[in-house]
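FYI, in the working numbering the residues of the sequence shown are 170 to 580.
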Amino acid sequence: MSSLHETAYPRLKADVSDQELAEIYTPTAKERSFARKYGRTPAARGALLILLKTVQRLGYFVSLKSVPKSITTHILACEDLSHLASSQLREYDRNGGARQRMLDMIRQQVGIKAFTVEGKAVVRDLAREAATTKQDLADIINVVIEELVRQRFELPGFSTLQRTARQARSTVNTGYFRTLDAGLTTQQKQEFDQLLCVPDDSPHTSWHKLKQKPKKPTNTEVKRYLQHLEWLQGWCQRLPAVDHIPAAKYHHFILEARALGAANIKAMQTTKRYALMILLVHAQLRRAMDDAVNIFVHKMRNIKTKAEANLSQYHLDHMKRMDKLVAQLRYVLTAVQELPTDSERGARVAAAIQSDPDELLAECEEHMTYAGNNFIPFMLQPYRLLRPLLLMAQNLGVCCSPLLVSVGTTS
């Protein structure tokens with residue numbers, strides 16, 4: 170339930186600063202003239218001014234006894250009415266006829282319309298329109314308040330706004346529930362009912378399975394989760410679409426559905442029950458797709474980190490071999506630079522190659538494979554274990570990076 174303090178419904182402050190008193194509650198010359206014209210007695214003039222200044226601030230009338238003393242004292246002092254006793258003013262709270270005449274005069278003076286049958290109809294329509302996209306009662310009430318002020322209606326009591334907003338929200342939500350429910354076949358409703366039953370081979374209902382979250386991303390758990398995703402896709406393909414549900418309501422309905430156990434949702438009125446189940450299946454599929462992507466990103470990040478570490482270790486382990494290759498290359502270049510004839514150069518090059526040329530060439534090729542911080546070759550072996558799961562994820566429509574897709578289809 171939304172409280173008054175959560176909304177834009179105006180109210181009088183208990184503590185009012187001198188600046189606020191001067192700027193907000195000081196009657197103008199025109200307003201004092203109005204009070205003198207229609208107030209036959211000093212008490213009537215004081216009551217008129219207090220009601221006038223407070224309705225300008227609030228948009229609705231309050232009882233004189235509820236106005237903070239600091240506001241009353243300031244307004245009366247502006248008209249040299251400080252001598253009036255509180256009991257004289259409060260008489261206009263008890264005298265219904267006199268008070269009503271004052272309210273009518275003030276409405277005409279400030280240009281607002283009384284909240285009558287017309288106003289109630291406007292509030293109903295405004296609340297219904299706001300409730301089509303908003304779920305929080307405070308948001309609905311604020312929309313109604315803003316439009317009533319724009320149309321120059323006197324604001325009704327907060328309880329009236331609260332009650333109307335709640336009724337409008339209930340009506341709109343029921344309409345969404347009925348639309349979703351109408352899209353189900355009898356067989357689908359029976360299948361939903363089965364989700365709420367505990368099967369013989371499991372301690373949990375399928376409703377519990379529907380709400381499961383991904384576990385630690387071992388390959389076994391990833392495979393199970395992708396199977397769960399496939400199960401959800403099978404459901405969603407046969408269910409009514411939910412894209413027409415506004416975001417605020419969609420998220421509220423999903424939170425409600427996730428919080429409900431099988432027994433709780435089973436006890437619901439059937440239209441709302443099936444609607445919430447439809448919404449949760451769609452929401453769980455979206456979450457499962459996101460979770461699956463996060464799982465693969467996590468696993469690929471681990472593979473990449475390990476590959477980079479393996480590359481660094483490779484460079485350390487083969488430092489001597491690289492020094493040997495560089496020394497041989499230096500010997501060859503020196504021969505080319507210093508010796509005058511090709512035959513002499515060839516002899517020096519042959520002498521520089523102390524081992525099998527094929528072996529040296531293989532060492533060079535291996536070194537070039539990992540040159541330029543190329544850690545990709547070290548990813549291939551651990552990636553092969555992940556490849557079947559990645560291809561399974563691709564088939565389910567889980568988004569993967571172009572690099573992962575290309576490696577998955579060619580390795």
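By construction, the Cβ of each residue, glycine as well, lies at the ideal position given by its N, Cα and C atoms.
Subject >> Per-residue DSSP class, three states only, for K380 >> reply: Here residue 380 refers to the residue found at position 211 of the sequence shown. In the three-state reduction of the DSSP assignment, K380 falls in the coil class.
**OP:** Note the first and the last residue of the continuous alpha helix (DSSP H) segment covering G288.
**Re:** Position 119 of the sequence shown, counting from 1, holds the residue named residue 288. G288: member of the alpha helix (DSSP H) spanning V286 to A300, first to last residue.
**OP:** Can you tell me which of the three DSSP states K182 falls into?
**Re:** Taking the sequence shown and counting its residues from 1, the one referred to as residue 182 is at position 13. In this structure, K182 counts as coil in the three-state DSSP scheme.
Original post:
Got a sec? Which residues, its chain only, sit under 6 Å from K303 by beta carbon, not counting five neighbours each side?
Top reply: In the sequence shown, counting from the first residue as 1, residue 303 sits at position 134. Taken in chain order, the residues that qualify are I309 and A417.
**OP:** Assuming I447 and M548 form a contact by the criterion Cβ under 8 Å, report the distance between their Cβ atoms to the nearest whole angstrom.
**Re:** What you label residue 447 is simply residue 278 of the sequence shown in a count that begins at 1. What you label residue 548 is simply residue 379 of the sequence shown in a count that begins at 1. With 8 Å as the limit, I447 and M548 do not qualify as a contact, their Cβ atoms being about 42 Å apart.
Subject >> S202 versus R226: straight-line alpha-carbon distance, rounded >> reply: Mapped onto the sequence shown, residue 202 falls at position 33. Mapped onto the sequence shown, residue 226 falls at position 57. Straight-line spacing of the CA atoms in S202 and R226 works out to 20 Å.
**OP:** Assuming V312 contacts L330 (C-beta within less than 8 Å), just tell me the rounded distance between them.
**Re:** As a first step, residue 312 is located in the sequence shown; it is residue number 143 there, counting from the start. As a first step, residue 330 is located in the sequence shown; it is residue number 161 there, counting from the start. In fact, because the Cβ distance is near 10 Å, the residues do not count as touching under 8 Å.
**OP:** Look at the Cβ atom of F230, then the Cβ atom of L272, and state whether they are nearer than 7 Å.
**Re:** Locating residue 230 in the sequence shown gives position 61, where the first residue counts as 1. Locating residue 272 in the sequence shown gives position 103, where the first residue counts as 1. Yes, the pair counts as a contact, with Cβ atoms nearer than the cut-off.
Subject >> Cβ-based burial, K182 [other Cβ within 10 Å; buried from 16] >> reply: Along the sequence shown, one-based indexing puts residue 182 at 13. K182 is exposed by the Cβ-count criterion.
**OP:** Find out if the Cβ-Cβ distance for the pair L364, A461 is shorter than 7 Å.
**Re:** Counted from its first residue, the sequence shown places residue 364 at position 195. Counted from its first residue, the sequence shown places residue 461 at position 292. The answer is no: Cβ separation not under 7 Å.
**OP:** Return the CA-CA distance between A540 and E477, expressed in angstroms with no decimal places.
**Re:** Stepping through the sequence shown from its first residue, residue 540 is reached at position 371. Stepping through the sequence shown from its first residue, residue 477 is reached at position 308. Roughly 12 Å separates the two Cα atoms.
Subject >> Residues bridged to K583 [DSSP beta-bridge criterion] >> reply: Since the first and last residues shown for the chain are 170 and 580, residue 583 lies out of range.
Subject >> Residues of its chain near L454, where Cβ-Cβ distance is below 6 Å and the 5 sequence neighbours each way are ignored >> reply: Here residue 454 is taken as the residue at index 285 of the sequence shown, counted from 1. Only L401 and C405 meet the Cβ criterion.
**OP:** Output the distance between the C-alpha atoms of C568 and M469, rounded to the nearest integer angstrom.
**Re:** Here residue 568 refers to the residue found at position 399 when the sequence shown is read from its first residue. Here residue 469 refers to the residue found at position 300 when the sequence shown is read from its first residue. Low confidence applies here, because C568 scores a pLDDT of 49, under 50, leaving its location unreliable and the question unanswered by this model.
Original post:
Would you call the stretch 332 to 344 and the stretch 423 to 430 in contact, with 3 or more CB pairs under 8 Å?
Top reply: At 8 Å Cβ cutoff, the stretches do not touch.
Original post:
Once you ignore the five residues that flank T241 on each side, which residues in its own chain have a CB closer than 7 Å to its CB?
Top reply: Residue 241 sits at position 72 when you count from the first residue of the sequence shown. Sequence-distant partners of T241 (beyond 5 residues in either direction) whose C-beta falls short of 7 Å from its own C-beta, in its chain, are I219.
Subject >> Cβ neighbour criterion (16 or more within 10 Å) applied to V224 >> reply: By 1-based counting over the sequence shown, the position of residue 224 is 55. Buried, since its Cβ has 16 or more Cβ neighbours within 10 Å.
Original post:
Cα separation between T354 and A307?
Top reply: The residue given as residue 354 occupies position 185 in the sequence shown. The residue given as residue 307 occupies position 138 in the sequence shown. Here the C-alpha atom of T354 lies approximately 37 Å from the C-alpha atom of A307.
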